[in-house]
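S.K.:
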Amino acid sequence: MKIIMLGAPGAGKGTQAKQIAAKYEIPHISTGDIFRANLKNGTELGKKAKVYMDQGLLVPDELTCDLVMDRIAQEDCARGFVLDGFPRTILQAEALTKALNNIGQAMDYAIDVDVPDENIVNRMSGRRACLNCGSTYHIVYNPTKTEGVCDVCGSQTVLREDDKPETVQKRLAVYHEQTQPLIDYYKKQNILKTVDGTKSMDEVFSDIVAILGE
Ligand code: ADP
Ligand code: ADP
Ligand code: ZN
281 MKIIMLGAPG
291 AGKGTQAKQI
301 AAKYEIPHIS
311 TGDIFRANLK
321 NGTELGKKAK
331 VYMDQGLLVP
341 DELTCDLVMD
351 RIAQEDCARG
361 FVLDGFPRTI
371 LQAEALTKAL
381 NNIGQAMDYA
391 IDVDVPDENI
401 VNRMSGRRAC
411 LNCGSTYHIV
421 YNPTKTEGVC
431 DVCGSQTVLR
441 EDDKPETVQK
451 RLAVYHEQTQ
461 PLIDYYKKQN
471 ILKTVDGTKS
481 MDEVFSDIVA
491 ILGE
């Protein structure tokens with residue numbers, strides 16, 4: 281099963297993608313996580329990506345596409361995968377379609393987690409991230425057992441630099457301009473499914489399972 285998660289920053293793509301990956305036993309591929317891991321390890325890619333991420337802008341397509349194509353060609357992706365945060369531009373979507381076409385494959389589902397802008401700022405300002413293991417929490421909706429400490433690995437959780445309100449506004453504008461057109465792109469491919477992302481995390485997941493099958 282090959283799945284794309286669509287939706288605004290903070291809509292809950294990562295939260296749902298992790299659960300999908302666990303239930304259907306497929307890898308969760310998050311480009312944001314890959315960039316942050318590179319940043320942490322001080323790679324050239326990480327340094328280049330940081331400049332864009334800090335401003336709430338998209339990392340250029342040429343730095344992003346090859347990375348994902350290499351990842352989905354790995355053996356653990358043979359049974360499928362869930363893409364979280366990719367594609368984010370029409371050009372990325374076309375690159376993905378073409379790469380899969382070349383091997384006689386296609387994506388199965390593009391799931392749009394629909395959340396209006398007015399809910400997003402609240403989601404983002406309450407998000408806390410563990411930059412060590414990639415776990416994500418929310419101070420109200422999904423708090424850590426001990427405040428500020430990751431349940432999974434015990435590292436400190438932080439408000440991501442790009443989750444501060446000024447950058448969130450920029451990211452939302454970038455989303456509407458560059459990523460939202462993908463909704464139509466996948467509608468035309470007949471694989472678009474929309475879920476109401478304002479429901480609780482568990483309800484959203486049930487709605488997704490109803491689409492993907494038990
Ligand atoms: P969120 O989960 O809040 O939407 P991500 O972790 O997916 O945020 O992405 C964080 C940042 O990483 C983005 O604002 C962007 O700068 C960069 N990024 C992630 N994925 C992509 C992509 N597919 N294309 C370009 N930039 C990306
Ligand atoms: P994305 O990957 O789309 O940027 P996340 O999955 O990181 O979004 O979720 C953004 C924030 O909102 C996180 O703090 C997360 O815990 C919280 N969150 C996710 N889904 C829901 C939901 N259905 N209701 C309330 N909060 C949610
Ligand atoms: Zn952690």
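Take the position in the sequence shown, starting the count at 1, then add 280; the result is the number in this note's numbering.
Here a beta-carbon is modelled for each residue, glycine too, at the ideal position from N, C-alpha and C.
If you're wondering where the values come from, they're calculated on a predicted model, not measured in any experiment.
1. Report all residues from its chain with a CB closer than 7 Å to the CB of residue 290; omit the five preceding and five following residues, and keep chain order.
2. Rank 422, 453, 367, 383 by C-alpha distance to the C-alpha of residue 398 and give the top, closest one.
3. Output the distance between the C-alpha atoms of residue 307 and residue 387, rounded to the nearest integer angstrom.
4. Measure the C-alpha to C-alpha separation of residue 466 and residue 373 and round it to an integer number of angstroms.
5. Listed in chain order, which residues are found with a beta carbon closer than 5 Å to a heavy atom of ligand 3?
6. According to the neighbour-count rule (16 or more other Cβ atoms, all chains shown, within 10 Å of its Cβ), is residue 310 buried or exposed?
7. From the DSSP secondary-structure annotation, give me the bridge partner or partners of residue 285.
8. Across the segment 324 to 339 and the segment 354 to 363, are there enough close Cβ pairs to call them in contact, namely three or more that are closer than 8 Å?
9. Verify the contact flag: residue 455, CB atom, against every heavy atom of ligand 2, threshold strictly below 6 Å.
10. Grab the span of the beta strand (DSSP E) containing residue 411 for me, first residue to last.
M.R.: Taking the coordinates as given:
1. 400, 403, 404, 407
2. 453
3. 15 Å
4. 9 Å
5. 410, 412, 413, 415, 430, 432, 433, 435
6. buried
7. 364, 391
8. no
9. no
10. Taken as a continuous stretch (DSSP letters only), residue 411 belongs to no beta strand (DSSP E), as it is neither H nor E.
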